[in-house]
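Undergrad: Structure below; questions to follow.
Protein chains in written order, with the numbering used here: chain Y, -8 to 130; chain E, -8 to 130; chain U, -8 to 130.
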């Protein structure tokens, strides 16, 4: 049995989804994990993780458009707006998606489906450096 | 310590929730896991997982009705509609629930609460074969 | 490698978020886990878990206000209302957040970001005793 903690950083260019499947698979390969789980974790409260369709970019554009409407920037009852109109919506969009995703690993590969990609979902308008922790456990 | 990867398939009859608690418990029992975690994972982007009330079927019917309204099929700005009006909503409903659920195991049993069931949440109108991976880790 | 199952109870005073970061860190410290994961799990279908901004309380007040509107209590099509108007919304608000959160551990500490706290999200109006299971795995 092994336990390994890997880390990497994603430089976002503002709101949107950024695929990190290859970076996570690189952690699995580098760590030599053949069977077990990869737990991906974002150390932030204004971005999140989501597994999503990674073949057709329009699916992600529709996702972005939907979240812009589901949690609008101009809700009159928001109090926590110190960092601008994207501050509070970013926290709620994070709460509606994930801070961690756990992906099974077998024969050294993430067991993602054919169209499944791992994405960092950036909810802030400005570019950010996002820190990702990947915990590998298994054999 | 042991690590085991189990798999099973769920045949859905279209949109709705399908309880898979017994199938996951069968994986735990077959694998002889006494303490640790069972990570349930769906290898798809148009269905998802959710832990939900499993005593009264009307709770799930209300859940379905709510999701039908939260992510309607006829949003005019959706572009990714190649596979029909249920295509894009299925991805978003998946993103708002889970691709993986991690359930603690103790004394050989999933530590689910009294009313907690594990459900596959099918978001497509047509029947599908859904592939589930269960990673057992612990002792 | 070690696997440990810890438990604790949270007494809620009705709807809202209750930070449990210290209780989870206490489990990690008591169990002597230096590297691996802490899986936090709620054994209920009308409360949930969320990682959220823990510095400014107004962020959580806005979260509560948003969820009150996202899943209102008076939706005319709800059938599952035996336990009152907060019954069905509590299940849906749970489904839109998490039953489990997996947090990486390194050097004996939860690898939470600077502003990240672990919160129990109580969705029922009345006070409840909520049972939390923490599975520690690693070394």
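The C-beta atom is built at its ideal place from N, Cα and C for all residues, glycine as well. Keep in mind it's a predicted model, so treat the numbers as computed, not measured.
#1: Taking residue 86 of chain U as the query, report the chain E residues whose CB atoms sit under 7 Å from its CB, ordered along the chain.
#2: Residue 115 of chain Y: buried (16+ other C-beta within 10 angstroms of its C-beta) or exposed?
#3: So, with DSSP's three-state summary, where would you put residue 79 of chain Y?
#4: Could you give the residue range of the alpha helix (DSSP H) that holds residue 48 of chain U?
#5: Following the continuous alpha helix (DSSP H) through residue 20 of chain U, name the residue where it begins and the one where it ends.
#6: Would you call the segment 116 to 126 of chain E in contact with the segment 69 to 89 of chain U, where contact means no fewer than 3 C-beta pairs closer than 8 Å?
#7: Tell me the DSSP secondary structure of residue -8 of chain U in three-state form.
#8: Just the Cα atoms here: how many angstroms apart are residue 99 of chain E and residue 12 of chain E?
#9: For residue 117 of chain Y, name the three-state secondary structure that DSSP assigns.
#10: Please list the terminal residues of the continuous beta strand (DSSP E) segment that includes residue 99 of chain Y.
#11: Would DSSP call residue 84 of chain Y helix, strand or coil?
#12: Output needed for residue 58 of chain E: all residues of its chain with C-beta closer than 6 Å, excluding positions within five of it in sequence on either side, in chain order.
#13: If I follow the unbroken beta strand (DSSP E) through residue 130 of chain U, where does it start and stop?
#14: Residues of the segment -1 to 20 of chain E in Cβ contact with chain U at a cutoff of 9 Å, in chain order, please.
#15: Can you give the beta carbon distance from residue 40 of chain Y to residue -4 of chain Y, rounded, assuming they're within the 8 Å contact cut?
#16: Provide the residue(s) that pair with residue 44 of chain Y in DSSP beta bridges, ordered along the chain.
#17: Between which two residues does the beta strand (DSSP E) holding residue 32 of chain Y run?
#18: Below 7 Å between beta carbons is the criterion; list the residues of the segment 20 to 37 of chain U that meet it against any residue of chain E, in chain order.
#19: Among E:47, E:-8, E:22 and E:31, which has the Cα closest to the Cα of residue 131 of chain U?
#20: What does the alpha-carbon distance come out to for the pair residue -6 of chain U and residue 24 of chain U?
#21: Measuring only the C-alpha atoms, how far is residue 135 of chain Y from residue 17 of chain U?
#22: Taking its Cβ as the centre, do 16 or more other Cβ atoms sit within 10 Å of residue 5 of chain Y, making it buried, or is it exposed?
#23: Going along chain U, which residues have a C-beta under 7 Å from residue 83 of chain Y?
#24: Of all the options E:44, E:-1 and E:95, which has the alpha carbon lying nearest to the alpha carbon of residue 105 of chain E?
#25: Since residue 199 of chain U and residue 42 of chain E should fall inside the 8 Å C-beta cutoff, what is the C-beta to C-beta distance between them, to a whole number of angstroms?
#26: Examine chain U for any beta-carbon lying closer than 9 Å to the beta-carbon of residue 132 of chain Y, and answer yes or no.
#27: Give me the chain E residues within the contact set of residue 95 of chain Y, using Cβ-Cβ distance strictly less than 7 Å, ordered along the chain.
#28: With distance defined between alpha-carbon atoms, name the residue in U:118, U:101, U:119 and U:60 nearest to residue 31 of chain U.
#29: Hey, how far is the Cα of residue 60 of chain E from the Cα of residue 56 of chain U?
#30: Using a Cβ cut-off of 7 Å, pull out every chain U residue sitting near residue 66 of chain E, in sequence order please.
#31: Check the C-beta distance from residue 91 of chain U over to residue 93 of chain E and give it rounded, since I have them as a contact under 8 Å.
#32: Is the beta carbon of residue 52 of chain E less than 9 Å from the beta carbon of residue 96 of chain U?
TA: Considering the structure as presented:
#1: Residues of chain E passing the Cβ test: 41, 43, 54 and 88.
#2: By the 10 Å Cβ count, residue 115 of chain Y comes out buried.
#3: In the three-state scheme derived from DSSP, where H, G and I count as helix and E and B as strand, residue 79 of chain Y is classed as helix.
#4: Judged by DSSP secondary structure, residue 48 of chain U falls within the alpha helix (DSSP H) whose first and last residues are 48 to 61.
#5: For residue 20 of chain U, the enclosing alpha helix (DSSP H) has its first and last residue at 12 to 22.
#6: Because the criterion of three Cβ pairs below 8 Å is not met, the segment 116 to 126 of chain E and the segment 69 to 89 of chain U do not touch.
#7: Under the three-state reduction of DSSP output, residue -8 of chain U falls in the coil class, being neither helix nor strand.
#8: In this structure, the straight-line span from the alpha carbon of residue 99 of chain E to that of residue 12 of chain E is close to 14 Å.
#9: The three-state secondary structure of residue 117 of chain Y, taken from DSSP, is coil.
#10: According to the DSSP assignment, residue 99 of chain Y belongs to no beta strand (DSSP E), since it is labelled neither H nor E.
#11: DSSP places residue 84 of chain Y in helix when its eight states are reduced to three.
#12: Leaving aside the five residues that flank residue 58 of chain E on each side, the residues in its chain whose CB is nearer than 6 Å to its CB run, in chain order, 84.
#13: First-last for residue 130 of chain U: undefined, no H or E at that position.
#14: Of all residues in the segment -1 to 20 of chain E, none has a C-beta nearer than 9 Å to a C-beta of chain U.
#15: Their Cβ separation, rounded to whole angstroms, is 17 Å, which puts residue 40 of chain Y and residue -4 of chain Y out of contact at 8 Å.
#16: DSSP, once it has assigned bridges, lists Y:107 as partnering residue 44 of chain Y.
#17: Counting along the chain, the unbroken beta strand (DSSP E) around residue 32 of chain Y starts and ends at 27 to 33.
#18: Going along the segment 20 to 37 of chain U in chain order, one finds 30, 32, 34, 35 and 36 with a Cβ nearer than 7 Å to chain E.
#19: There is simply no residue 131 of chain U to check, as chain U begins at -8 and stops at 130 in what is shown.
#20: The C-alpha of residue 24 of chain U is placed about 9 Å away from the C-alpha of residue -6 of chain U.
#21: Outside the displayed span of chain Y (-8 to 130) sits residue 135 of chain Y, for which this structure offers no information.
#22: Burial call: exposed.
#23: Neighbours of residue 83 of chain Y on chain U, chain order: 54 and 57.
#24: The alpha carbon of residue 105 of chain E has as its nearest neighbour, out of E:44, E:-1 and E:95, the alpha carbon of E:44.
#25: Outside the displayed span of chain U (-8 to 130) sits residue 199 of chain U, for which this structure offers no information.
#26: Chain Y is shown only over -8 to 130; residue 132 of chain Y falls outside these bounds and no answer can be derived.
#27: Annotation: Cβ neighbours of residue 95 of chain Y in chain E (cutoff 7 Å, chain order): -4, 30, 32, 124 and 126.
#28: When each option's Cα is compared against that of residue 31 of chain U, the closest is U:101.
#29: Between the alpha carbons of residue 60 of chain E and residue 56 of chain U lies a gap of roughly 20 Å.
#30: Neighbours of residue 66 of chain E on chain U: none; closest Cβ ~17 Å, over 7 Å.
#31: Between the beta-carbon of residue 91 of chain U and that of residue 93 of chain E there is about 5 Å, and that keeps the pair under the 8 Å contact cut.
#32: Not closer than 9 Å, so no.
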